[in-house]
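These notes concern the structure reproduced below.
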Amino acid sequence: MRGDSGYYSIIDYTVDGHETQRERSAEERVVSRGRSLRADVYFDVLCPWSFIAKRRLETALSLLPDRVEVVWRSVELAPGNRRTPGPTAAEEMTGWTGDRAAARIDLIRRLGAAEGLVLDLHRARPVDTFDAHRVLHLAAARGKTDEMLELLLAAYHTDGLNVADPLVLERLGTMAGLDAGEVAALLAGDAYADAVRADEASAAARGVTGVPSLVIGARPPVSAVQPAEDLARLLTPDLADAAPG
2 MRGDSGYYSI IDYTVDGHET QRERSAEERV VSRGRSLRAD VYFDVLCPWS FIAKRRLETA
62 LSLLPDRVEV VWRSVELAPG NRRTPGPTAA EEMTGWTGDR AAARIDLIRR LGAAEGLVLD
122 LHRARPVDTF DAHRVLHLAA ARGKTDEMLE LLLAAYHTDG LNVADPLVLE RLGTMAGLDA
182 GEVAALLAGD AYADAVRADE ASAAARGVTG VPSLVIGARP PVSAVQPAED LARLLTPDLA
242 DAAPG
């Protein structure tokens, strides 16, 4: 699902986080708030916008009186990517976008900082995320999605860790409250591989063309990195029920 300009321009954003160009646009996390609404967020660990979207969704959910079920669903931006880190995300972005890269990197940094995040594309080194998504599915089964997702995103985007390394994934899993032996056994086999592929098939079937994408019911995908107030309106059950489609 990588776009023509790499991991970070599959969906283009303006400074305030709105979509601006051609494409709009699991681990489970259930947030109890009344009425129930289901929202699926398609994301990848490699995508800095997904970390920004997580923070904005958290803010949006805090504004809502009703129950919202948020399901984080796996999408690999670069299936079959290297497992040993190579160039940094900033270097890869420069190769894809040339002179535009510096402005894009700074935009991501500034928008992340506004959400209290450190997004360092000069440290992050893109790798394969299939195993990271499998571990997140295990975390969902153990009620630890939010902890695992937060640790993975910070490990990659802030600390520059190799999220394809089994030792890194085992350590992060333990920090999230998972059993180290269970994580190790998962990584040694193929547990939850079908779950990751099912999420990706679901993304294709629902018209998801980039991440992070928010899908509510049968409505078309929209950007999940919109301002929190806009996300809160989208996640209001009465408004969602009234929307076409």
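Sequential numbering from 2 applies to the sequence shown in the numbering used here. Don't be surprised by glycine CBs; every beta carbon is placed ideally from N, CA and C.
Which class does Arg234 belong to by DSSP, given the choice of helix, strand or coil? helix
Report, in whole angstroms, the separation of the C-beta atoms of Trp50 and Leu150, which I expect to be a contact under 8 Å. Their Cβ separation, rounded to whole angstroms, is 14 Å, which puts Trp50 and Leu150 out of contact at 8 Å.
Where the beta strand (DSSP E) through Val216 begins and ends: 214-217
Using 8 Å for Cβ pairs, my map puts Leu179 next to Ala133. What's the rounded Cβ distance? That pair is no contact at about 13 Å.
Reduced DSSP category for Tyr43 - H, G, I as helix; E, B as strand; rest coil: strand
Met94 versus Leu122 - alpha carbon distance: 9 Å
Where DSSP assigns a beta bridge to Leu38, which residues make up the other side? Val69
Cβ neighbours of Pro222 in the same chain (closer than 8 Å, five flanking residues each side left out): Arg25, Ser26, Tyr43, Arg207, Gly208, Val209, Thr210, Ser214, Leu215, Val216
Just confirm the distance between the C-beta atoms of Leu139 and Val184, as a whole number of angstroms; I'd bet it's less than 8 Å. 7 Å
Where the alpha helix (DSSP H) containing Ala165 begins and where it ends: Careful: Ala165 lies outside any alpha helix (DSSP H) and carries neither H nor E.
Closest to Lys55 by C-alpha separation, out of Leu137, Leu154, Leu168, would be which residue? Leu154
Would you tell me roughly how many angstroms separate the C-alpha atoms of Arg124 and Ser203, rounded to the nearest one? 32 Å
So if DSSP puts Val197 in a beta bridge, which residue, or which two residues, is it bridged to? DSSP, once it has assigned bridges, lists no residue as partnering Val197.
Neighbourhood of Thr89 by C-beta, 6 Å cutoff - its chain only, sequence neighbours within 5 removed: His123, Arg126
Among Glu70, Lys145, Val226, which has the Cα closest to the Cα of Ile109? Val226
Reference Asp160, options Ser37, Leu47, Val197, Asp67, closest by Cα: Leu47
Answer yes or no: do Asp129 and Gly190 have a C-beta to C-beta separation smaller than 9 Å? no
Who are the Cβ neighbours of Ala233 in its own chain at under 7 Å, not counting the five residues just before and after it? Ala61, Leu64, Leu65
Would Ala165 and Thr98 be called neighbours here (beta carbons separated by less than 9 Å)? no
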